[in-house]
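Numbering (our numbering), first residue to last: 277 to 433.
The following block contains the structure:
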């Protein structure tokens, strides 16, 4: 009799665990769907901003007079363009990699952002040196993170 009760309670625990597992899987799928939807909206916003950036670049190149300030503005705008582009690429990689953000793309974005900062704000030499060190650290981290994957991508190109 006691053995029967133990077996019955064991199977009831399995049923409860499977219900909990199903609930967790359902919540996970819902959150994944919400995340995917939000990323699609973000991609749309980034595409609009990328288009706006292209218009600004054309405006700078074709309309404004050439002087030193325009060259800095143009360089800054080009780097902002690449930041938008890299974020869009990150979203695409997320969907292609089975809902996973590869770490190296965050490093690419960080490197581009720091280079933009060096170009835009180079008034303080100590800060410029620190920003350059940050770029170097990110490049080293990029090589440490996945050297085999990076080499494979380079060979495919």
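In this text, a Cβ means the ideal position worked out from N, Cα and C, and glycines have one as well.
For residue i, the nearest candidate out of the options (CA to CA)
i, options, result
"residue 359", "378, 369, 329 and 401", "329"
"residue 351", "392, 374, 309 and 316", "392"
"residue 377", "420, 311 and 301", "311"
"residue 305", "402, 375 and 333", "375"
"residue 386", "405, 371, 413 and 400", "413"
"residue 326", "355, 415, 388 and 294", "355"
"residue 313", "395, 402, 397 and 371", "371"
"residue 424", "380, 404 and 394", "380"
"residue 319", "362, 405 and 335", "362"
Short Cβ contact (7 Å threshold) for residue i with residue j
i, j, result
"residue 418", "residue 366", "no"
"residue 364", "residue 322", "yes"
"residue 390", "residue 415", "no"
"residue 338", "residue 353", "no"
"residue 404", "residue 394", "yes"
Classification of residue i by the beta-carbon crowding that lies within 10 angstroms, buried from 16 upward
i, result
"residue 407", "buried"
"residue 307", "exposed"
"residue 295", "exposed"
"residue 347", "exposed"
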